[in-house]
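Mapping of the sequence shown onto the numbering used here: residues 16 to 213, in sequence order.
For each residue, glycine too, the CB sits at the ideal point set by N, CA and C.
Model, not experiment: these values are computed from the prediction.
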Amino acid sequence: LNANRKRGAVLSEPAIQVRRKGKGKQIWSLEKLENRLVDMRDLYQEWKNCEEDSPVTRSYFKRADPFYDEQENHSLIGVANVFLESLFYDVKLQYAVPIINQKGEISGRLHIEVLRVSGDIGERIAGGDDAPDGGTETEMQENRLVCMIKILQATGLPQHLSNFVFCMYTFWDQPEAVMVAPEVDPATSSPIAKEPQC
């Protein structure tokens, strides 16, 4: 699911669930499946062409596992769309954003706080460009808006998905998603009750 899709775009994507005994589950996109199939074929050809049968070669083929996923396996609980309209009015807003799962159902709520820290919206038009075409670096700095979004807590989550919950978000000027993990008290191994700030 992607919150930034254009209207009319498909809201669900086909995915492949890979299950292995004792290894947990993985969710692969179609592109990842195609890439792994290529890896499997290459590995099979390499195995087929290998003439030596020694413990070293057997160990190599066991380690060259096309099902191994370098990233940790996490389950997507859902997507929460945070609207930033309150930044127009320079007020601090706390609200509970519904977390929508892959089936389109509410699977919990993400409690957040949105606040404009600096910058003025002035005569900007909602949905328009921040700077005119060909705007200079100075003009872009003058139009800069700094805001703070605090992720306070997530509530109402399904029990089976509540073990280690973290948020990943993207912002319009960031190329990569940012991960916000909960603060964990090492003595109790559970998330701290105070408000986490990102």
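Counting other Cβ atoms within 10 Å of its Cβ, I121 stays below 16 and is therefore classed as exposed. Membership of Y75 in the alpha helix (DSSP H) is indicated by the continuous run P70 to R78.
Between G123 and G171, the C-beta gap is smaller than 9 Å, which places the two residues in contact. Residue range I121 to S133 is occupied by the beta strand (DSSP E) that includes R131, with no alpha helix (DSSP H) assigned at that position.
Taking C-beta atoms as the reference points, I127 and I92 fail to come closer than 9 Å. Counting along the chain, the unbroken beta strand (DSSP E) around Y110 starts and ends at L108 to I115. The Cβ atoms of L108 and I166 do not sit closer than 9 Å to each other. Residue pairing by DSSP places Y184 opposite V193 in a beta bridge. Inter-residue distance for Y110 and N50 is about 41 Å (C-alpha atoms, whole angstroms). In this structure, the straight-line span from the alpha carbon of P70 to that of C182 is close to 44 Å. Around the beta carbon of V129, 16 or more other beta carbons lie within 10 angstroms, which makes this residue buried.
One alpha carbon belongs to Y184, the other to Q168, and they sit about 15 Å apart.
Counting along the chain, no beta strand (DSSP E) covers L58; the unbroken alpha helix (DSSP H) around it starts and ends at L45 to N64.
Taking the Cα of Q117 as reference, the smallest distance to any Cα among R34, A196, I42 and A79 is reached at I42. For Q168, the enclosing beta strand (DSSP E) covers residues V161 to T170. Note on geometry: alpha-carbon atoms of L58 and R78 lie some 11 Å from one another.
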